[in-house]
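Engineer: By my numbering, the letter at position 253 of the sequence shown is numbered 256, and the numbering carries on one by one without gaps. My structure is below; once you've seen it, I'll send some questions.
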Amino acid sequence: ATVGHAHAYDTGGGPAAGAAPVRDLAGLTGPRTEQPTTRFTLTATSRTTTLASGEKVAALAFNGSLPGPELRMKRGELVEVTLVNQNVPEGVTVHWHGVDVPNAEDGVAGVTQNAVRPGQRHVYRFRPPRAGTFWYHSHQQSSTVVTRGLFGALIVEEPGARPEGVDRTVVAHAWPVLGGTGEQGGPHRGGGGALSGRNGAGGLLRTAIGDDTRRRQEKVAAGTPVRLRLVNADNCPRTYSLAGTPYQVAAIDGNEVNGPTDLDGRLLRIAGGGRVDVTFRQPAGPVHLTIVGDANASGASHGFEGCGEDGAYGTGRTETASLLLDPSGTATRTPPAVTGPLFDPLHYGTRTTTPFGPGTRYDRDFHLVLGNSVGFFDGRPMMTWTINNAVYPDIPALLVKEGDTVRTSFVNRSLDDHPMHLHGHRMLVLSRDGEPATGSPWWTDTLNVAPGERYEVAFRADNPGVWMDHCHNLDHARDGMVLHLAYD
Ligand code: C2O
Ligand code: CU
Numbered sequence: 004a005t006v007g008h009a010h011a012y013d014t015g016g017g018p019a020a021g022a023a024p025v026r027d028l029a030g031l032t033g034p035r036t037e038q039p040t041t042r043f044t045l046t047a048t049s050r051t052t053t054l055a056s057g058e059k060v061a062a063l064a065f066n067g068s069l070p071g072p073e074l075r076m077k078r079g080e081l082v083e084v085t086l087v088n089q090n091v092p093e094g095v096t097v098h099w100h101g102v103d104v105p106n107a108e109d110g111v112a113g114v115t116q117n118a119v120r121p122g123q124r125h126v127y128r129f130r131p132p133r134a135g136t137f138w139y140h141s142h143q144q145s146s147t148v149v150t151r152g153l154f155g156a157l158i159v160e161e162p163g164a165r166p167e168g169v170d171r172t173v174v175a176h177a178w179p180v181l182g183g184t185g186e187q188g189g190p191h192r193g194g195g196g197a198l199s200g201r202n203g204a205g206g207l208l209r210t211a212i213g214d215d216t217r218r219r220q221e222k223v224a225a226g227t228p229v230r231l232r233l234v235n236a237d238n239c240p241r242t243y244s245l246a247g248t249p250y251q252v253a254a255i256d257g258n259e260v261n262g263p264t265d266l267d268g269r270l271l272r273i274a275g276g277g278r279v280d281v282t283f284r285q286p287a288g289p290v291h292l293t294i295v296g297d298a299n300a301s302g303a304s305h306g307f308e309g310c311g312e313d314g315a316y317g318t319g320r321t322e323t324a325s326l327l328l329d330p331s332g333t334a335t336r337t338p339p340a341v342t343g344p345l346f347d348p349l350h351y352g353t354r355t356t357t358p359f360g361p362g363t364r365y366d367r368d369f370h371l372v373l374g375n376s377v378g379f380f381d382g383r384p385m386m387t388w389t390i391n392n393a394v395y396p397d398i399p400a401l402l403v404k405e406g407d408t409v410r411t412s413f414v415n416r417s418l419d420d421h422p423m424h425l426h427g428h429r430m431l432v433l434s435r436d437g438e439p440a441t442g443s444p445w446w447t448d449t450l451n452v453a454p455g456e457r458y459e460v461a462f463r464a465d466n467p468g469v470w471m472d473h474c475h476n477l478d479h480a481r482d483g484m485v486l487h488l489a490y491d
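Listed below in structure tokens is the structure:
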């Protein structure tokens, strides 16, 4: 297989690529004439920025902040977002990750729109159909620009309901710091965790690798209900520990869990691009959230980009970020060791009826084998990430008709994690490694398929258009692991 950036899937209409044809999506837009209830403007800029750690990032930012501003909106309301590209040479779009918007609003350069060039703007309009925790990011040369900062959290609230207690978004991201081996073009060799502040209103915390001094600590009165919205904005899975209280997993990828039960001492593993909401009542003592990267020795050992130790490839150092909630405000800052069994959504919560069951007849059945091979680009060997032994754009699209029930299996025959993200739809997990899901219906838009794993998922083809289905390790996507879901 041969693949290169010239074939990348999200380089439409940017200065770095010829203007790819954008399909005719007339009729697949959001409401164009009604008055929007809520308006946002996202202005993308390119500017070197100093982190709290003192390290510098060749940042690309929305509205000057890293990450971009948290957007809060209500389910069902008409939202209008104006994207302005001030001076990002790569071009910019906005994809609403996990929000099932009409196809023309999906923000994929080269597929649903052309990239917005410096000096240009683009208006998105949609009604978010479900409440939950989502995020947004540019989808033009995304493997580069998301790492450098063109992303932010997107929270959809139920109309009429005000979040009670503490409702906090925690975005994890490793920043590609300048200097040393991390300088430009090697964005994976530096890093740091980031926790976004209270309800997204500033107060960013970034920790440098190995630097324990910049951790966030907040006073929360005992008895206060707390919801932490955990967003993993990195390529690799991350492990989260929540110590000091039993907690519940309230939502996965913006889908409420039915009948969640108390977990104690369980670690959470969140896919790159995935989200988990946890809830608890603040106890009398401190609660410690600790985020670490996920060691994947195999990713490092094959000598190509992969999910290395904490996503900070080759540094051999441990990277953590933490949030301490404490009624007294005086608790010790030292986070506890991150050990324990992993939370497993497969059997968590209470089953309710789903649109798919053992008796469902599927109109389509797709099998996707995730793999890798060494290809050549410009005469140099490079890793390509494959689906059914092919790379984008040579992977046949999943063709569906509106209304189809669709079953898809993912089998990972490679040595790296693949967080598979489907645009425009949510997938119901049916089984993992042949073991049926028995807990709360597990809906996901970003499913981490670990080496050797096999998942079966189902979805209904209810959102016409041309959609992306790709690995959200954005380096893997750049190097081939992308296909389309297309409606006849
Ligand atoms: Cu979060 Cu195709 O993207
Ligand atoms: Cu992948």
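Glycine is no exception: its CB is placed at the ideal position from the N, C-alpha and C atoms. Fair warning: this is a prediction, and the values are worked out from it, not measured in the lab.
Count the other CB atoms within 10 Å of the CB of ALA392; is the residue buried (16 or more) or exposed (fewer)?
Structural biologist: One-based indexing of the sequence shown puts residue 392 at position 389. Before going on, a small fix: residue 392 reads as Asn here, not Ala. By the 10 Å Cβ count, ASN392 comes out exposed.
Engineer: Between which two residues does the beta strand (DSSP E) holding THR147 run?
Structural biologist: Sequence index remark: in the sequence shown, residue 147 carries index 144 (1-based). First-last for THR147: 145-148, but that is the alpha helix (DSSP H), not the beta strand (DSSP E).
Engineer: Would you tell me roughly how many angstroms separate the C-alpha atoms of GLY152 and VAL460, rounded to the nearest one?
Structural biologist: Locating residue 152 in the sequence shown gives position 149, counting from the first residue. Locating residue 460 in the sequence shown gives position 457, counting from the first residue. Taking the straight line from one Cα to the other gives about 31 Å.
Engineer: Let me confirm a value: PRO240 is counted as buried when at least 16 other C-beta atoms fall within 10 Å, else exposed. Which label applies?
Structural biologist: Along the sequence shown, one-based indexing puts residue 240 at 237. PRO240 is buried by the Cβ-count criterion.
Engineer: Give every residue of the same chain whose Cβ lies closer than 6 Å to the Cβ of LEU63, excluding the five residues on either side of it in the sequence, and list them in chain order.
Structural biologist: Numbered from 1 along the sequence shown, position 60 holds the residue referred to as residue 63. For LEU63, where only same-chain residues beyond five positions count, the Cβ hits under 6 Å are SER49, VAL91, VAL148, ARG151, GLY152, LEU153.
Engineer: Please state if the CB of SER443 and the CB of GLY352 are separated by a distance shorter than 7 Å.
Structural biologist: Indexing the sequence shown from 1 puts residue 352 at position 349. Indexing the sequence shown from 1 puts residue 443 at position 440. It is a contact, given that the beta carbons lie within the stated cut-off.
Engineer: Just to confirm before moving on: does the CB-CB distance between ASN466 and ASP103 stay below 7 Å?
Structural biologist: For the purposes of this step, residue 466 is identified with residue 463 of the sequence shown, where counting begins at 1. For the purposes of this step, residue 103 is identified with residue 100 of the sequence shown, where counting begins at 1. Yes, the pair counts as a contact, with Cβ atoms nearer than the cut-off.
Engineer: Please state whether DSSP places THR5 in a helix, a strand or coil.
Structural biologist: The count along the sequence shown starts at 1 and reaches residue 5 at position 2. Caution is warranted here: a pLDDT of 39 is assigned to THR5, below 50, making its placement in the model unreliable, and the coordinate value is therefore given only provisionally. THR5: coil per DSSP, three-state reduction.
Engineer: Could you check the C-alpha separation between LEU2 and MET423 for me, to the nearest Å?
Structural biologist: Past the edges of the chain, shown from 4 to 491, lies residue 2, and the structure says nothing about it.
Engineer: Can you tell me the Cβ-Cβ gap for ASN238 and GLY275, rounded? I've got them flagged as a contact below 8 Å.
Structural biologist: Mapped onto the sequence shown, residue 238 falls at position 235. Mapped onto the sequence shown, residue 275 falls at position 272. The C-beta distance from ASN238 to GLY275 rounds to 5 Å, short enough to fall under 8 Å.
Engineer: Which class does LEU349 belong to by DSSP, given the choice of helix, strand or coil?
Structural biologist: Taking the first residue of the sequence shown as position 1, residue 349 is located at position 346. Looking at LEU349 - three-state DSSP - the assignment turns out to be helix.
Engineer: Spatial neighbours of LEU345 within its chain, please: C-beta separation below 6 Å, excluding the five flanking residues on both sides.
Structural biologist: Taking the sequence shown and counting its residues from 1, the one referred to as residue 345 is at position 342. LEU270, ARG272.
Engineer: Taking 6 Å as the limit between beta carbons, can you name the residues of its chain near ALA204, skipping five residues before and five after?
Structural biologist: By one-based count along the sequence shown, residue 204 stands at place 201. Its pLDDT being 25, under 50, ALA204 is placed unreliably in this model, and the coordinates cannot settle the point.
Engineer: List in chain order the residues whose CB is within less than 6 Å of at least one heavy atom of the ligand C2O.
Structural biologist: HIS98, HIS100, HIS140, HIS142, GLY276, HIS424, HIS426, MET471, HIS473, HIS475
Engineer: What are the boundary residues of the beta strand (DSSP E) that LEU271 is part of?
Structural biologist: Taking the first residue of the sequence shown as position 1, residue 271 is located at position 268. LEU271 -> beta strand (DSSP E) spans 270-273.
Engineer: Determine the closest residue to ARG360 out of THR408, THR389, VAL377, with distance taken between C-alpha atoms.
Structural biologist: As a working note, residue 360 is residue 357 in the sequence shown. In the sequence on display, residue 360 carries Gly and not Arg. For GLY360, the closest of THR408, THR389, VAL377 by C-alpha to C-alpha distance is THR408.
Engineer: Using 6 Å as the cut-off, classify the Cβ of MET484 as near or not near the heavy atoms of the ligand CU, replying yes or no.
Structural biologist: The sequence position of residue 484 within the sequence shown is 481, counting from 1. True, at least one ligand heavy atom lies under 6 Å from that Cβ.
Engineer: Bridge partners of VAL119, per DSSP?
Structural biologist: Position 116 of the sequence shown, counted from the first residue, corresponds to residue 119. Paired residue(s): VAL95.
Engineer: Check whether the Cβ of HIS421 lies closer than 6 Å to any heavy atom of the ligand CU, and answer yes or no.
Structural biologist: As a first step, residue 421 must be located in the sequence shown, where it is residue number 418. Yes, the beta carbon of HIS421 sits closer than 6 Å to at least one heavy atom of the ligand CU.
Engineer: Going by C-alpha to C-alpha distance, which of TRP388, ASP472, VAL377, VAL394 sits closest to SER412?
Structural biologist: As a first step, residue 412 is located in the sequence shown; it is residue number 409 there, counting from the start. Answer by Cα proximity: ASP472.
Engineer: Decide yes or no for the touch test of the stretch 368-378 against the stretch 325-345: beta carbon pairs closer than 8 Å, at least 3 of them.
Structural biologist: no
Engineer: Grab me the residues of TYR395's own chain with a C-beta within less than 6 Å of its C-beta, minus the 5 sequence neighbours each way, in chain order.
Structural biologist: Here residue 395 corresponds to residue number 392 of the sequence shown, with the count starting at 1. TYR12, GLY483, VAL485.
Engineer: Quick check: what's the CA-CA separation for VAL295 versus GLY15?
Structural biologist: Within the sequence shown, numbered from 1, the residue matching residue 295 stands at position 292. Within the sequence shown, numbered from 1, the residue matching residue 15 stands at position 12. Whole-angstrom Cα-Cα distance: 35 Å.
Engineer: Kindly list the residues whose CB is nearer than 6 Å to the CB of SER68, restricted to its own chain and excluding five residues on each side of it in sequence; keep chain order.
Structural biologist: On the sequence shown, position 65 is the one that residue 68 refers to. Here the set comprises nothing.
Engineer: Does ASP170 pass the burial test, meaning 16 or more other C-beta atoms within 10 Å, or should it be called exposed?
Structural biologist: Translated into the one-based positions of the sequence shown, residue 170 becomes position 167. Residue environment for ASP170: buried (at least 16 other C-beta atoms within 10 angstroms of its C-beta).
Engineer: How many Å lie between THR387 and PRO286 at the Cα?
Structural biologist: As a position in the sequence shown, residue 387 is number 384, starting the count at 1. As a position in the sequence shown, residue 286 is number 283, starting the count at 1. So the two alpha carbons sit approximately 49 Å from each other.
Engineer: Hey, could you find the ends of the beta strand (DSSP E) ALA156 is sitting in?
Structural biologist: The count along the sequence shown starts at 1 and reaches residue 156 at position 153. Where ALA156 is concerned, the enclosing beta strand (DSSP E) stretches over 154-160.
Engineer: In angstroms with no decimal places, state the Cα-to-Cα distance between LEU3 and VAL290.
Structural biologist: In the structure displayed, the chain extends from 4 to 491; residue 3 sits before or after that span and is not available.
Engineer: Can you tell me whether DSSP reads ASP478 as helix, strand or coil?
Structural biologist: Here residue 478 is taken as the residue at index 475 of the sequence shown, counted from 1. DSSP places ASP478 in helix when its eight states are reduced to three.
Engineer: Quick check on ASN261: buried or exposed, where buried means 16 or more other Cβ atoms within 10 Å of its Cβ?
Structural biologist: Your numbering for residue 261 matches position 258 in the sequence shown. Flag for ASN261 reads exposed.
Engineer: Can you determine whether any heavy atom of the ligand CU sits closer than 6 Å to the C-beta of HIS291, and answer yes or no?
Structural biologist: Translated into positions along the sequence shown, residue 291 becomes position 288. Not one heavy atom of the ligand CU lies closer than 6 Å to the C-beta of HIS291.
Engineer: What do you reckon, is the C-beta of HIS479 under 6 Å from a heavy atom of the ligand CU?
Structural biologist: Taking the first residue of the sequence shown as 1, we reach residue 479 at position 476. Yes, the beta carbon of HIS479 sits closer than 6 Å to at least one heavy atom of the ligand CU.
Engineer: Locate the beta strand (DSSP E) running through ALA47, then write down its first and last residues.
Structural biologist: Sequence index remark: in the sequence shown, residue 47 carries index 44 (1-based). Looking at the DSSP string, the run of the beta strand (DSSP E) that includes ALA47 is 41-53.
Engineer: Could you have a look at ASN106 and say whether DSSP puts it in helix, strand or coil?
Structural biologist: In the sequence shown, residue 106 corresponds to position 103, counting from 1. The answer is helix: DSSP assigns ASN106 an H, G or I state.
Engineer: Does the structure place the stretch 117-126 close enough to the stretch 162-176 that three or more beta carbon pairs sit under 8 Å?
Structural biologist: no
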